[in-house]
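Its first residue numbered 1048, the sequence shown is counted upward by one per residue in my numbering. Yeah, the Cβ is synthetic: ideal placement off N, Cα and C, and Gly gets one too. Quick notes on the structure that follows.
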Amino acid sequence: MMKTGQTRHICFDIGETQFPIRPKMALICQIEDEICGLPQLLQKLRGGEWTLCDLVTLVHIILAEEGASYDYYELGDHILAAGSSVYHEKVTAFIALCLGESFRKE
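Below you can see the structure in the form of structure tokens.
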């Protein structure tokens, strides 16, 4: 099912801490319950139809699934300071990773 040598995670850096984020069904369900279906979300991210709140919410959900507890607004301030494009690229890559090969590059 999984090819050898294939990257199966995306690393999120928050300050000095790195989080290797892997696709998990519980995480996917939570994202789809709180935001929207992954194909629609990927389309929004790639099409520029996302909001900063969407991005912060998505990162917040992903980090919470990894057991990291961050205040939503402090996380948003961190994303703003780091540059939202950094996190936009990472969450876009993560959603594409969850959806599989056919969604990797468009």
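Would you tell me roughly how many angstroms separate the C-alpha atoms of residue i and residue j, rounded to the nearest one?
i: G1084; j: E1063; result: 31 Å
i: I1108; j: L1074; result: 8 Å
i: I1061; j: H1125; result: 8 Å
i: E1113; j: P1086; result: 22 Å
i: D1101; j: G1095; result: 12 Å
If you follow the alpha helix (DSSP H) that residue i is part of, which residue opens it and which one closes it?
i: T1104; result: 1099 to 1112
i: D1124; result: 1119 to 1129
i: I1075; result: 1072 to 1081
If I'm right that residue i touches residue j with Cβ under 8 Å, what's the distance once you round it to whole angstroms?
i: P1070; j: L1144; result: 6 Å
Specify, as a first and last residue, the run of the beta strand (DSSP E) that residue i falls within.
i: P1086; result: P1086 -> not in any beta strand (DSSP E); alpha helix (DSSP H) instead, spanning 1085 to 1094.
Would residue i and residue j qualify as a contact pair, given that the criterion is a beta-carbon distance under 8 Å?
i: L1092; j: H1056; result: no
i: I1082; j: L1088; result: yes
i: G1123; j: V1103; result: yes
i: I1078; j: L1110; result: no
i: S1131; j: L1099; result: yes
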